[in-house]
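**Student:**
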Amino acid sequence: MIARVGKISRLDYARVARIALEAEWGEVEVEIPERVLREAGLALSEGDSVNVEVAKEAGSLDEWDVVMGGEVYLKASNPFRVYASLGGLQLVLKSERDYERFQVGEKVYVKLRKTR
Numbered sequence: 009m010i011a012r013v014g015k016i017s018r019l020d021y022a023r024v025a026r027i028a029l030e031a032e033w034g035e036v037e038v039e040i041p042e043r044v045l046r047e048a049g050l051a052l053s054e055g056d057s058v059n060v061e062v063a064k065e066a067g068s069l070d071e072w073d074v075v076m077g078g079e080v081y082l083k084a085s086n087p088f089r090v091y092a093s094l095g096g097l098q099l100v101l102k103s104e105r106d107y108e109r110f111q112v113g114e115k116v117y118v119k120l121r122k123t124r
């Protein structure tokens with residue numbers, strides 16, 4: 009699905025970018041090491057369009073620039089939030105749709121590619 013890059017904040021102490029992606033169905037906030045973004049050639053700026061997929065299965069990886077996997081560790085219902093750890097980096101899903109889809113302990117994969 010297509011999302012727009014919202015705010016990008018840098019966690020300089022960890023060399024990590026926290027990227028907010030806004031779509032019609034909700035928001036995804038993901039932390040990605042700057043090195044991974046560089047090596048994938050994924051230079052993102054606020055306002056860019058990206059394809060994003062959040063899934064329970066890894067599926068085909070060939071068409072994506074960045075794929076990260078992790079596990080859901082917390083759900084909150086007011087407001088709807090699903091929190092996952094991606095090897096110590098955080099993924100936050102901010103939508104009722106994702107709140108219903110994912111349960112604590114389940115695998116989650118986030119896949120990104122810049123819209124071409």
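Counting from 1 along the sequence shown, just add 8 to a position and that's the residue number in our numbering. Built from N, CA and C at the ideal position, the CB exists for glycine as well. Owing to the predicted nature of the structure, the values given are computational and were not obtained by experimental measurement.
With a threshold of 16 other CB atoms inside 10 Å of the CB of I10, please say whether the residue is buried or exposed.
**Tutor:** Locating residue 10 in the sequence shown gives position 2, counting from the first residue. It counts as exposed.
**Student:** Give me the Cβ distance between K83 and Y107, rounded to the nearest whole Å; I'm assuming they're in contact under 8 Å.
**Tutor:** In the sequence shown, the residue the question calls residue 83 occupies position 75. In the sequence shown, the residue the question calls residue 107 occupies position 99. Right, their Cβ atoms sit about 6 Å apart.
**Student:** State the Cα-Cα distance for the pair V58 and E79, rounded to the nearest angstrom.
**Tutor:** The residue given as residue 58 occupies position 50 in the sequence shown. The residue given as residue 79 occupies position 71 in the sequence shown. Each residue's alpha carbon lies about 23 Å from the other.
**Student:** Taking a contact to mean a Cβ-Cβ separation below 8 Å, would you say V13 touches D56 in this structure?
**Tutor:** Locating residue 13 in the sequence shown gives position 5, where the first residue counts as 1. Locating residue 56 in the sequence shown gives position 48, where the first residue counts as 1. Against a cut-off of 8 Å, the Cβ pair of D56 and V13 comes out as a contact.
**Student:** Anyone know if the C-beta pair for A28 and E37 falls short of 8 Å?
**Tutor:** As a first step, residue 28 is located in the sequence shown; it is residue number 20 there, counting from the start. As a first step, residue 37 is located in the sequence shown; it is residue number 29 there, counting from the start. Yes, the pair counts as a contact, with Cβ atoms nearer than the cut-off.
**Student:** By Cβ distance below 8 Å, which residues in the same chain neighbour G49 in space, the five residues on each side in sequence not counted?
**Tutor:** Here residue 49 refers to the residue found at position 41 when the sequence shown is read from its first residue. Once the five neighbours on either side are set aside, the close Cβ partners of G49 are D73.
**Student:** For K102 and V90, what's the separation of their Cα atoms in angstroms?
**Tutor:** As a position in the sequence shown, residue 102 is number 94, starting the count at 1. As a position in the sequence shown, residue 90 is number 82, starting the count at 1. Looking at the two C-alpha atoms, the distance is approximately 7 Å.
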